[in-house]
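Numbering (this note's numbering), first residue to last: 8 to 90. Idealized CB from N, CA, C, for every residue including glycine. This structure is a prediction, so every number in the text was calculated from the model and none was measured. Following: one structure in structure tokens, then a few remarks.
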Amino acid sequence: MYERRLQILLDDARFRRVSAAAKERKTSVAAVIRDAIDQALPVDLEAKRKAWQELLDMEPIPVPETVEELKRELDEIRGGAHN
């Protein structure tokens with residue numbers, strides 16, 4: 008699920024605040040910090056909406072009707088025959 012590890016140093020006051028919030032929410036300190044990051048640095052939802060709309064507006068591509076046809080097509084693209 009998570010792909011990156013981050014090590015941070017906190018002073019005692021900040022650690023106590025984060026630790027107390029985690030205990031109150033019945034979650035981990037890491038989850039509290041992730042939530043704080045999400046609140047401080049929100050995702051650009053408008054850019055995501057635009058990208059989604061561009062995908063929806065694309066012309067459909069032909070899709071093979073069976074798995075066997077798809078495998079054959081992929082084999083042709085790859086330049087070989089797989090069974």
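Coarse secondary structure for Ile44, derived from DSSP in three states = As a first step, residue 44 must be located in the sequence shown, where it is residue number 37. Helix at Ile44.
query = If you count every other CB in all the chains shown that lies within 10 Å of the CB of Val39, and 16 or more means buried, which is it?
reply = As a working note, residue 39 is residue 32 in the sequence shown. Taking every protein chain shown into account, the CB of Val39 has 16 or more other CB atoms within 10 angstroms, so this residue is buried.
query = Taking the alpha helix (DSSP H) that Glu75 falls in, what are its first and last residues?
reply = The residue you call residue 75 lines up with position 68 of the sequence shown. Where Glu75 is concerned, the enclosing alpha helix (DSSP H) stretches over 74-85.
query = Tell me which same chain residues have a C-beta within less than 6 Å of the C-beta of Pro71, skipping the five on either side of it?
reply = Along the sequence shown, one-based indexing puts residue 71 at 64. Correct list, in chain order: Leu77, Glu80.
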